[in-house]
Amino acid sequence: MTEHTQPPQKKRSWGKTFLKTCAFLIGLIGLINAIGSAGGNKVIAVELPKCNSETAINMVKQTVANNVLQHQLNLQVIAVKNIKTLNPSAEELKANPEGFVKCQGQLITNYKRLDRIYTFEWTNKAKGEYYLELKSE
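The working numbering applies: residue 9 is where the sequence shown begins, and numbers increase by one.
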């Protein structure tokens, strides 16, 4: 007859458990902050959307929702607030001769507030296709 016994479990100290939990939470916050650049879907249009338009806000929300890491963390954008249109630099204008719209907004999520810059750039202006890029500040 074989007898199965479990090895004695080590007692975890409160301090080690607390430190591991803190390290995990700090890592999670760092991961969410590191998730800064995400691409959205191409869209057909005559002109680029304004920063505070319903189209722009919906595209930002959809881009975050479609990001794999943010989906795994169940991060949801509830609102986009404090929206500003930013003036592009001379270098940005030179790099995007067809034009683009540069915006800044605060993403209010179910976890925390994230300050982000998002741009709408033409991928093919003749066909009316543009692209959203979402970046960390």
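We treat Cβ as the ideally placed atom computed from N, Cα and C, and that holds for glycine.
Since this is a predicted model, take the numbers as computed values, not measurements.
Query - Whole-angstrom C-beta distance between VAL88 and GLY113, which should lie under 8 Å - result: For the purposes of this step, residue 113 is identified with residue 105 of the sequence shown, where counting begins at 1. For the purposes of this step, residue 88 is identified with residue 80 of the sequence shown, where counting begins at 1. By a beta-carbon distance limit of 8 Å, GLY113 contacts VAL88. Their separation comes to about 5 Å.
Query raised in the report: By how many angstroms is the C-alpha of LEU115 removed from the C-alpha of ILE125?
Result: Numbered from its first residue, the sequence shown carries residue 125 at position 117. Numbered from its first residue, the sequence shown carries residue 115 at position 107. Distance between the alpha carbons of ILE125 and LEU115: 10 Å.
Query - Closest Cα partner of LYS110 within the set ILE86, LYS143, GLN70 - result: One-based indexing of the sequence shown puts residue 110 at position 102. Out of ILE86, LYS143, GLN70, LYS143 has the C-alpha closest to the C-alpha of LYS110.
Requested in this report: Taking the CB atoms as reference points, tell me whether PHE128 and TYR119 lie closer together than 7 Å.
Outcome: If you number the sequence shown from 1, residue 128 lands on position 120. If you number the sequence shown from 1, residue 119 lands on position 111. In this structure, TYR119 does not lie closer than 7 Å to PHE128 by Cβ.
Query raised in the report: Between which two residues does the beta strand (DSSP E) carrying LEU101 extend?
Result: The residue given as residue 101 occupies position 93 in the sequence shown. Not the beta strand (DSSP E): LEU101 falls in the alpha helix (DSSP H), residues 98-103.
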